[in-house]
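One structure is given below, encoded as structure tokens.
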Amino acid sequence: TLADLSVHVKFLRDEAGNPNAIIGISRDITEQKKRLKEIQRYKLIFEQSINEIYIFDAKTLMFTYVNQASINDLGYSLEELQRMTPVDIKPEFTLQQFNELLSPLREGTEKSIVFETVHKRKDGSTYAVEVHLQLVTIDGEEHFAAIILDISERKRIEKSLDESEEKFRVLAKSTPMGIMLYQDDKWIYANPAAEALLKYSEQELCSMNFWDVVHPDDKAIVIERGSKRQKGEDATVGYEFRVISKSGMIKWVLLYGATVMYKGRPAGLISVLDITERKKIEEERRKLQEQLMQSQKMESIGTLAGGVAHEFNNMLNIISGHAELALLNIPQENDARKDIEEIKKAAQRSAEITKKLLTFARKQEEKSSIVNVNSAIDSMIGMLKRLIGENIQLVWQPANRELSVQIDEVSIDQILVNLSVNARDAIDKQGTITISTHSVSIKDEVALQHNVLPGEYALIQVTDNGIGIDEETQKLIFDPFFTTKEVGKGTGLGLSTVYGIVKNNGGFIEVQSEKGEGTTFKIYLPVFMERREFAQYHENAIQKLFHGTETILIVEDEVSILKMIKRMLEILGYTV
């Protein structure tokens with residue numbers, strides 16, 4: 001084994017002074033050489049370090065070692081620094097304060113301490129530093145070893161970030177848009193506008209997941225896009241959805257989002273704008289458009305229905321007329337008479353259908369008068385109870401004031417019968433039908449939606465607790481011949497007739513229903529406001545037939561009807 005030795009040699013001499021012996025002393029200095037090499041290596045590292053490194057005496061605090069970086073940064077010479085202490089370059093500390101800082105190291109309660117301060121150069125300028133300090137033993141003596149990091153650039157960046165954050169907060173506080181930041185699924189910032197929108201404080205929001213304020217129907221898409229954003233992935237920048245405020249109010253918002261870095265990790269930054277009023281206006285515009293399209297559709301259907309009914313009525317007149325003529329010539333005991341009477345009855349039933357079609361098309365002449373709605377309905381209640389059957393309860397709730405409208409009273413009867421029959425058919429076994437009247441004021445915006453005049457209206461409301469009507473069916477219920485009933489149980493003209501009557505009298509109709517939740521029909525008729533007496537008249541339903549010998553001129557474009565009328569008049573003695 002090789003070792004490093006330190007050898008001392010001495011010659012011994014005799015009395016004459018001549019060397020006669022040698023004394024040699026050798027010492028193993030292997031460890032000493034090793035330590036010296038380590039010291040030289042560390043010194044080389046210290047000297048080449050860009051960070052300040054210095055060692056100072058634990059008792060006197062005088063520097064015992066400073067590296068070249070310390071000399072360069074502070075601007076002092078080595079000799080000057082060796083006459084100084086750390087307090088001389090730390091303007092933020094007094095000697096007492098610095099000793100108090102060192103106490104945990106001296107007492108052994110801390111192995112090292114790290115703190116930020118500033119160092120003062122020889123020229124008086126300062127710079128920010130981070131000090132790493134610990135107590136070490138060198139050659140049996142206690143010293144403090146310090147490594148200093150220049151954090152001037154970091155402080156500059158932090159200051160810039162602080163200024164940017166302050167600008168952001170000032171802007172966020174002053175903007176009317178909600179600004180919110182979330183990370184790890186939690187809100188971490190909300191500006192005053194967001195608080196006002198959601199009615200939660202920032203503290204309350206920061207305890208919630210970012211999706212907790214989202215409407216249940218929109219939650220899935222918001223979670224999907226929000227999760228992508230806080231992971232730094234691409235997500236849809238702007239979209240609309242609903243939120244629910246602390247008070248339970250549902251609001252529409254327009255969101256714009258982006259991914260930002262917050263504390264070194266991706267976070268979601270969003271701005272939200274309350275668009276509830278805009279959505280309301282859009283919905284009103286959509287309803288107006290639907291009302292216009294529905295009105296145009298019903299007008300077209302009415303025109304078609306009126307034309308068909310007119311032609312069909314001509315044919316029925318021919319059938320009925322010839323049946324009457326045939327009955328005049330057939331004895332009572334003849335079997336053919338019964339067949340012709342059935343033909344006549346069928347023609348009469350068909351005539352009722354054409355009458356309804358003409359009413360829907362607004363081509364049926366009505367005998368309008370001033371009708372007390374409550375009285376008209378009250379007189380119908382008994383008949384309606386028999387019509388709907390004993391298993392269904394009929395509740396009548398009249399308004400506490402008189403409601404007069406200008407209408408053919410028979411039309412009120414038609415409305416009630418059609419709506420009551422529909423309500424009865426919608427109820428399974430047992431249920432309740434409620435008829436009520438109310439006085440309501442129709443404002444300009446509602447009147448515009450329904451193409452009527454604003455003012456006071458009589459509301460006739462018919463409600464049942466039956467099976468209800470789904471949304472798609474509601475779009476079709478006023479179409480002529482549309483029915484959900486079995487074949488033979490309805491013509492599909494009931495509601496279209498009601499629609500025609502109501503529109504023909506300056507009113508409008510609304511339906512509110514959900515599948516399985518019952519149905520409410522609301523009939524709005526304008527209240528008659530004039531204070532003057534109206535002459536009411538009555539006509540006999542059956543006109544008397546007269547015989548005569550006069551000559552009558554008939555003008556008729558339908559040849560078959562012309563021939564039938566000519567024959568009838570000739571039977572009565574007239575010349576045609």
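In my numbering, the protein residues as written are 1 to 576. By construction, the Cβ of each residue, glycine as well, lies at the ideal position given by its N, Cα and C atoms. Just so we're clear, the structure is a prediction, and the values are computed from it rather than from any experiment.
Buried or exposed, going by whether 16 or more other CB atoms sit within 10 Å of the CB of residue i?
i	result
D557	exposed
A267	buried
G466	buried
A426	buried
K345	exposed
F115	exposed
E92	exposed
Q536	Confidence at Q536 is low in this model, with a pLDDT of 35, below 50, so its placement is unreliable and the value that follows should be read with caution. Q536 is exposed by the Cβ-count criterion.
K251	buried
D339	exposed
T463	buried
D408	buried
A220	exposed
I157	exposed
N18	exposed
V576	exposed
I552	exposed
Give me the Cα-Cα distance between residue i and residue j, rounded to the nearest whole angstrom.
i	j	result
S320	E456	45 Å
S350	N317	10 Å
V421	I415	10 Å
A194	G226	17 Å
V555	K563	11 Å
V527	E472	32 Å
Q183	E163	22 Å
W211	A235	16 Å
M84	E165	41 Å
L101	L78	26 Å
D274	E282	14 Å
I53	Y189	42 Å
L198	V452	39 Å
G573	S404	48 Å
M177	V253	10 Å
L565	I523	It should be pointed out that residue 565 corresponds to Ile in this sequence rather than to Leu. Each residue's Cα considered, the two are about 42 Å apart.
S513	I561	47 Å
S112	G124	29 Å
E110	S103	9 Å
K280	A172	27 Å
D88	L74	11 Å
D335	A323	14 Å
S439	V417	22 Å
K429	I388	11 Å
E445	S201	37 Å
Select from the options the residue whose C-alpha is nearest the C-alpha of residue i.
i	options	result
I23	G17, K522, F11	F11
P629	G248, C206, D185, I188	The requested residue 629 is not part of the displayed model; the chain covers only 1 to 576.
G507	D57, I412, L181, D339	I412
V272	Q397, I381, T175	T175
D378	E390, R386, P398, I388	P398
L205	D185, I223, A220	D185
I477	L495, E153, I460	L495
I270	E240, R13, H322	E240
Q406	I370, L569, T276, E277	I370
R401	G382, R386, D408, S375	S375
I161	K263, R567, A258	The amino acid at residue 161 is misidentified as Ile; the sequence shows Leu. For the residues K263, R567, A258, the minimum Cα distance to L161 belongs to K263.
N505	V410, V559, Y65, F521	V410
M315	I343, E130, T259	I343
A347	I147, H8, N209, F312	F312
I25	V9, Q203, F144	V9
I147	L105, V66, I509, R27	V66
S245	V213, Q230, E341, R265	V213
If contacts are defined as beta-carbon pairs under 8 Å, then residue i and residue j qualify, I think. What distance do you get, rounded to the angstrom?
i	j	result
L126	H119	What sits at residue 126 in the sequence shown is Thr, not Leu. Confirmed, about 7 Å.
V243	Y256	Actually they do not touch by this definition, with Cβ atoms about 15 Å apart.
E142	L135	6 Å
I50	A21	Actually they do not touch by this definition, with Cβ atoms about 59 Å apart.
F56	F168	Their Cβ separation, rounded to whole angstroms, is 44 Å, which puts F56 and F168 out of contact at 8 Å.
Short check: CB of residue i to CB of residue j, under 8 Å?
i	j	result
V498	L448	no
V395	T434	yes
T519	I469	yes
T437	A423	no
L81	F63	yes
T117	K155	no
V170	D150	no
L328	I571	yes
R567	L384	no
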